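Trainee: Read in order, the letters of the sequence shown are residues 1 to 556 in the UniProt record's numbering.
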Amino acid sequence: MALAAESGLRLDLDIIDYLILVLYFATVLGVGFAARRAIKTSADFFLSGRSLPAWVTGLAFVSANLGALEILGMAANGAQYGLLTLHYYWIGAVPAMVFLGIVMMPFYYGSKVRSVPEFLKRRFNKPTHIFNALSFAVAQVLIAGVNLFALALILDALLGWQLWVSILVGAAIVLTYITVGGLSSAIYNEVLQFFVILAGLIPLTVIGLVKVGGIDGLFEKVRQSPLGDAALHTWSNTGSSADNPLGANWIGILFGLGFVLSFGYWTTNFAEVQRALSAKNMNAARRTPIIAAFPKLLIPGVTIIPGLIAAVTITGLGAKDGDLTYNNAIPLLMEDLLPNGVLGVAVTGLLASFMAGMAANVSGFNTVFTYDIWQAYIKKGRSDDYYLRIGRYATIGGVIIGIGTAFIASGYGNIMEYIQQLFSLFNAPLFATFIVGMFWKRMTPWAGFWSLLLGFLASLALYVAYLTDAITFNSALEQSFWGAGVAFVTAVVVAIAVTFFTPSKPEDELRGLVYGLGGTSNGTVVVSGDKVWWRNPVLLGTIAVVLAIALYIPVW
1 MALAAESGLR LDLDIIDYLI LVLYFATVLG VGFAARRAIK TSADFFLSGR SLPAWVTGLA
61 FVSANLGALE ILGMAANGAQ YGLLTLHYYW IGAVPAMVFL GIVMMPFYYG SKVRSVPEFL
121 KRRFNKPTHI FNALSFAVAQ VLIAGVNLFA LALILDALLG WQLWVSILVG AAIVLTYITV
181 GGLSSAIYNE VLQFFVILAG LIPLTVIGLV KVGGIDGLFE KVRQSPLGDA ALHTWSNTGS
241 SADNPLGANW IGILFGLGFV LSFGYWTTNF AEVQRALSAK NMNAARRTPI IAAFPKLLIP
301 GVTIIPGLIA AVTITGLGAK DGDLTYNNAI PLLMEDLLPN GVLGVAVTGL LASFMAGMAA
361 NVSGFNTVFT YDIWQAYIKK GRSDDYYLRI GRYATIGGVI IGIGTAFIAS GYGNIMEYIQ
421 QLFSLFNAPL FATFIVGMFW KRMTPWAGFW SLLLGFLASL ALYVAYLTDA ITFNSALEQS
481 FWGAGVAFVT AVVVAIAVTF FTPSKPEDEL RGLVYGLGGT SNGTVVVSGD KVWWRNPVLL
541 GTIAVVLAIA LYIPVW
């Protein structure tokens, strides 16, 4: 296939395709209005009344992450970097998801906190709490903008709408069902969206593989492309950053991505943790991220593989701007490969993914804004109905700000690079502060604040140095890996240093918040599970990690 940049990306939908889209949007809004009837308190709106089964929260957990970052971003990475993108799943997600379920959910769920910043307030102090609440709120509206921008790309491909019109329409749909139905609406729609996304991407992948001669034919075409054989291996060419398309060595991948970025994202990102907090009991909460880990293992088949197919079939892919940027790998494939009817399902799947991602960001934002900013520092002691109303206002505000940040995302040819930079700035220092404070009872309140702040500033300084060419890296992604590592190390060192010069909290105030101090954080809770052996989080988590390692072997 040869596409010219000036040809314009337009998907030729017919009446059947549009009917599928209309049916989907009607269902999404119907779920929102149905969920409204169950909302009586702010806990119902923000945490679904902690009443949902593990399979629902588990699918919502993975679907909430299956937004623009996952679909367009990972396909873009697949086209640009090849199978090295698998690291974002098998070492950059699954181990951290298992760790969250086995080790950290007992702290979150057992302490009955309503958000991650609230946990930091109880473990450290108010300055740590407000800094994390504000930084989380900023990060969520920035990432919501990524999903809105991706949604706008598809609407532009569908209807030829201008970017700002597409952004406003996409925002209005998400705004309606979150404002009306709260977290329950978001979660049940995320379960629906998970299956719709797969229904759209599986046919695209299968038809694409048939076109290039199966997986063997695809790999042979990749070897003959500018990516070369190095793009078909995950570890064997990472001894030097110059020997692989990603431009990263195994140290950066293992420590920066596999430890700091992945654990920082999956264990402290409230947009994800919120899904587990809505589960009906402790065991369901612990199984939530572990259940999500199993589909996560296989999702590369419908994201990275289509990206590789696009790389070898679309001439000129990888332009700095226009229709042939890496971000458009999936829409370009859809235009080339899918017949009407199937095209409607695929487009619906893409729109579903972006809406799921944005809904996760907005529902996380409205909870933290209401509980951790408005109720904690601006209007204390009001009625529950008042805070429920503020939550709905916060939803509207978050979407409006997301509209603005969508234009920031539009300036990146590969949105994954943008996202990874946000993670290295916000999540990496947060994870360091969390992990030291959770396992070291001596860590002081002010050590929590300064480690969080200086870790953020260290990552920011490295990013600025990279932008100004004071320090060079082989790629923006390599810089984000090292930025995460610098933030983590800085935060740990600062946490230890400040602890020796500031007073600790009494042990009675740390029970249930620090490992080994009773409450929910004793070792028995961490290693125990459901009495039914096949529902045991430790067993399920072990199986997921073993599978992640095994999947690497054929593409080592």
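Note that the Cβ used here is the ideal one computed from N, Cα and C, for glycine as well.
Just so we're clear, the structure is a prediction, and the values are computed from it rather than from any experiment.
1. My guess is that L350 and I71 are in contact by the Cβ rule of under 8 Å, so how many angstroms apart are they, rounded?
2. Tell me the rounded alpha-carbon separation between G357 and I251.
3. Consult DSSP for T238 and reduce its assignment to one of helix, strand or coil.
4. With DSSP run on the structure shown, which of helix, strand or coil describes L52?
5. Kindly indicate the opening and closing residues of the alpha helix (DSSP H) around I553.
6. Let me make sure I understand the geometry here. Which of T313, G256, I187, P203 has the alpha-carbon closest to that of E220?
7. By a C-beta neighbour count over all protein chains shown, 10 Å radius and 16 as the cutoff for buried, is G290 buried or exposed?
8. Measuring CA to CA, which of T128, G307, A79, R286 is closest to G58?
9. Based on DSSP bridge pairs, tell me the residues matched to A279.
10. Ordered along the chain, which non-local residues of its own chain (more than five positions away) have a Cβ less than 7 Å from that of L52?
11. What residue from L257, N269, L337, G316 has the CA that sits closest to Q420's CA?
12. When the Cα atoms are used, what is the spatial distance from I16 to G344?
13. Would the segment 205 to 224 and the segment 329 to 349 be scored as touching if the rule is three or more Cβ pairs under 8 Å?
14. Can you give me the C-alpha to C-alpha distance between T395 and H233, rounded to a whole angstrom?
15. Since S363 is in the alpha helix (DSSP H), which residue starts that stretch and which ends it?
16. Is the Cβ-Cβ distance between V98 and A293 less than 8 Å?
17. Using 10 angstroms around the beta-carbon of V527, count the other beta-carbons present and answer buried if the total reaches 16, otherwise exposed.
18. Could you tell me whether the Cβ atoms of G32 and V180 are closer together than 8 Å?
19. As a quick exercise: from S480, N65, Y463, L430, pick the residue whose alpha carbon is nearest that of V494.
20. Pull up the distance between the alpha-carbon of V486 and that of V436, whole angstroms please.
21. Note down the Cα distance separating A93 from W266, rounded to an integer number of angstroms.
22. For F500, count neighbouring Cβ atoms within 10 angstroms of its own Cβ and tell me buried if that reaches 16, exposed if not.
23. Any idea what DSSP makes of D323, helix, strand or coil?
24. Check this for me: beta carbons of D372 and A43, under 8 Å apart or not?
25. Scan the segment 177 to 218 and note each continuous alpha helix (DSSP H) run of 4 residues or more that stays entirely inside, going in chain order.
26. Sort N340, D508, F194, V116 by Cα distance to G364 and report the nearest one.
27. Buried or exposed for N340, going by 16 or more other Cβ atoms inside 10 Å?
28. Suppose contacts are defined by Cβ-Cβ distances below 8 Å. Is A231 in contact with G73 by that definition?
29. Span of the alpha helix (DSSP H) holding I20?
30. Is the distance from the Cβ of V514 to the Cβ of K441 below 8 Å?
31. For the alpha helix (DSSP H) containing V268, name the first residue and the last one.
32. Fully enclosed by the segment 78 to 124, which alpha helix (DSSP H) runs are 4 residues long or longer?
33. Hey, how far is the Cα of F46 from the Cα of T367?
34. Which residues bound the alpha helix (DSSP H) around A497?
35. Is it true that the CB of V347 sits closer than 8 Å to the CB of L11?
36. Which one of I471, A406, N474 has the shortest CA to CA distance from G170?
Mentor: Result, derived from the coordinates:
1. What you label residue 350 is simply residue 350 of the sequence shown in a count that begins at 1. What you label residue 71 is simply residue 71 of the sequence shown in a count that begins at 1. About 6 Å separates the CB atoms of L350 and I71; that is less than 8 Å, so the two are in contact.
2. If you number the sequence shown from 1, residue 357 lands on position 357. If you number the sequence shown from 1, residue 251 lands on position 251. The alpha-carbon atoms of G357 and I251 are separated by roughly 30 Å.
3. What you label residue 238 is simply residue 238 of the sequence shown in a count that begins at 1. Coil.
4. To locate residue 52, count along the sequence shown from 1; it is residue 52. Here L52 sits in strand by DSSP.
5. Walking along the sequence shown from the start, residue 553 turns up at place 553. Secondary structure note for I553: it is in no alpha helix (DSSP H), with a DSSP letter that is neither H nor E.
6. As a first step, residue 220 must be located in the sequence shown, where it is residue number 220. Minimum Cα distance to E220 is reached at T313.
7. For the purposes of this step, residue 290 is taken as the residue at position 290 of the sequence shown. The residue you asked about is not Gly; residue 290 is Ile in the sequence shown. By the neighbour-count criterion, in which a residue is buried when 16 or more other Cβ atoms sit within 10 angstroms of its Cβ, I290 is buried.
8. Along the sequence shown, one-based indexing puts residue 58 at 58. Among T128, G307, A79, R286, the Cα nearest to that of G58 belongs to R286.
9. Within the sequence shown, the letter at position 279 stands for residue 279. DSSP, once it has assigned bridges, lists L52 as partnering A279.
10. Position 52 of the sequence shown holds residue 52. If you ignore the 5 residues before and after L52, its C-beta comes within less than 7 Å of the C-beta of I187, S278, A279, K280, all in its own chain and listed in chain order.
11. As a working mapping, residue 420 is identified with position 420 in the sequence shown. The residue with the shortest Cα to Cα distance from Q420 is L257.
12. Residue mapping note: residue 16 aligns to position 16 of the sequence shown, counting from 1. Residue mapping note: residue 344 aligns to position 344 of the sequence shown, counting from 1. Near 7 Å, if we compare the C-alpha coordinates of G344 and I16.
13. Touching, per the Cβ criterion.
14. Mapped onto the sequence shown, residue 395 falls at position 395. Mapped onto the sequence shown, residue 233 falls at position 233. If I take the Cα positions, the gap works out to 43 Å.
15. Position 363 of the sequence shown holds residue 363. Per DSSP, S363 belongs to the alpha helix (DSSP H) from 342 to 368.
16. Position 98 of the sequence shown, counted from the start, is the residue given in the question as residue 98. Position 293 of the sequence shown, counted from the start, is the residue given in the question as residue 293. Against a cut-off of 8 Å, the Cβ pair of A293 and V98 comes out as a contact.
17. Locating residue 527 in the sequence shown gives position 527, counting from the first residue. Legend: pLDDT at V527 = 46, less than 50; position of this residue unreliable, no value from coordinates given.
18. As a working mapping, residue 32 is identified with position 32 in the sequence shown. As a working mapping, residue 180 is identified with position 180 in the sequence shown. Going by C-beta atoms, G32 is nearer than 8 Å to V180.
19. Along the sequence shown, one-based indexing puts residue 494 at 494. For V494, the nearest C-alpha among the options comes from L430.
20. Residue numbering aside, residue 486 sits at position 486 when the sequence shown is read from its first letter. Residue numbering aside, residue 436 sits at position 436 when the sequence shown is read from its first letter. For V486 and V436, the distance between alpha carbons rounds to 16 Å.
21. Translated into positions along the sequence shown, residue 93 becomes position 93. Translated into positions along the sequence shown, residue 266 becomes position 266. It is roughly 7 Å from the alpha-carbon of A93 to the alpha-carbon of W266.
22. For the purposes of this step, residue 500 is taken as residue 500 along the sequence shown, with counting starting at 1. Result: exposed.
23. Taking the sequence shown and counting its residues from 1, one reaches residue 323 at position 323. DSSP places D323 in coil when its eight states are reduced to three.
24. Against the sequence shown, residue 372 aligns to sequence position 372. Against the sequence shown, residue 43 aligns to sequence position 43. Their beta carbons are not under 8 Å apart, which means D372 does not touch A43 by this criterion.
25. Inside the segment 177 to 218, DSSP marks no whole alpha helix (DSSP H) run of 4 or more residues.
26. As a position in the sequence shown, residue 364 is number 364, starting the count at 1. Just measuring C-alpha positions, the residue of N340, D508, F194, V116 sitting nearest G364 is V116.
27. What you label residue 340 is simply residue 340 of the sequence shown in a count that begins at 1. Its Cβ having fewer than 16 others within 10 Å, N340 is exposed.
28. Residue mapping note: residue 231 aligns to position 231 of the sequence shown, counting from 1. Residue mapping note: residue 73 aligns to position 73 of the sequence shown, counting from 1. Cβ distance not < 8 Å, so A231 and G73 don't count as in contact.
29. Here residue 20 is taken as the residue at index 20 of the sequence shown, counted from 1. 15 to 36 is the span of the alpha helix (DSSP H), which, as asked, contains I20.
30. Here residue 514 refers to the residue found at position 514 of the sequence shown. Here residue 441 refers to the residue found at position 441 of the sequence shown. Cβ distance < 8 Å, so V514 and K441 count as in contact.
31. Looking up residue 268 in the sequence shown gives position 268. Per the sequence shown, the amino acid found at residue 268 is Thr instead of Val. Per DSSP, the unbroken alpha helix (DSSP H) holding T268 starts and ends at 262 to 268.
32. Segments of the alpha helix (DSSP H) lying fully in the segment 78 to 124: 87 to 90, 94 to 99, 105 to 110, 116 to 123.
33. Here residue 46 refers to the residue found at position 46 of the sequence shown. Here residue 367 refers to the residue found at position 367 of the sequence shown. So the two alpha carbons sit approximately 6 Å from each other.
34. Here residue 497 refers to the residue found at position 497 when the sequence shown is read from its first residue. Taken as a continuous stretch (DSSP letters only), the alpha helix (DSSP H) holding A497 covers 476 to 499.
35. Indexing the sequence shown from 1 puts residue 11 at position 11. Indexing the sequence shown from 1 puts residue 347 at position 347. For the pair L11 and V347, the CB atoms are nearer than the 8 Å cut-off.
36. For this step, residue 170 is matched to residue 170 along the sequence shown. When the alpha-carbon of G170 is set against those of I471, A406, N474, the nearest one is in A406.
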